[in-house]
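Residue numbers (the working numbering): 661 to 807.
For each residue, glycine too, the CB sits at the ideal point set by N, CA and C.
Beneath this line is the structure, given in structure tokens, with notes to follow.
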């Protein structure tokens with residue numbers, strides 16, 4: 661499994677990936693997220709691949725206001741969920757961000773009630789901070805808490 665940039669050649673395939681119908685209120689569409697990355701160049705959109713097959717999408721960004729990286733989006737297509745792709749993609753991004761000097765944490769936010777996402781992020785070492793951002797619960801991973 662690997663993360664690849666979203667490009668002209670894979671844009672359409674990535675834009676068509678979808679979560680299951682009952683999960684759609686938890687995450688923005690990939691098309692919206694890719695458009696957002698063009699308006700906000702600090703956003704880094706990545707396609708999640710298993711071999712040559714796209715299975716998901718992840719986007720992260722550096723927030724200069726608080727010198728923190730945020731994982732803005734993570735989705736795995738409905739046909740590929742439950743196979744560990746989301747966790748592996750997060751591990752890759754966490755390891756990449758950890759290499760950056762002077763960065764000691766990553767934040768993300770989840771919709772209240774999205775227990776599957778909360779369980780995934782807790783398994784990676786994220787904890788809720790008690791903060792809300794645009795109605796979503798903030799979770800944070802401090803690098804000194806992981807080996």
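Under the DSSP assignment, residue 759 falls outside any beta strand (DSSP E); it carries neither an H nor an E label. The C-beta distance from residue 666 to residue 707 rounds to 5 Å, short enough to fall under 8 Å. For residue 712 and residue 705, the gap between their C-alpha atoms comes out near 18 Å. When secondary structure is reduced to three states using DSSP, residue 804 falls in the helix class.
A buried status is given to residue 733, since no fewer than 16 other beta-carbon atoms sit within 10 Å of its beta-carbon.
Pairing residue 777 with residue 770, the inter-Cα distance amounts to about 7 Å. Note on geometry: alpha-carbon atoms of residue 794 and residue 710 lie some 33 Å from one another. When the Cα atoms are used, residue 728 and residue 702 turn out to be separated by approximately 12 Å.
Where residue 662 is concerned, the enclosing beta strand (DSSP E) starts and stops at 662-665.
Going by C-alpha positions, residue 747 is about 14 Å away from residue 756.
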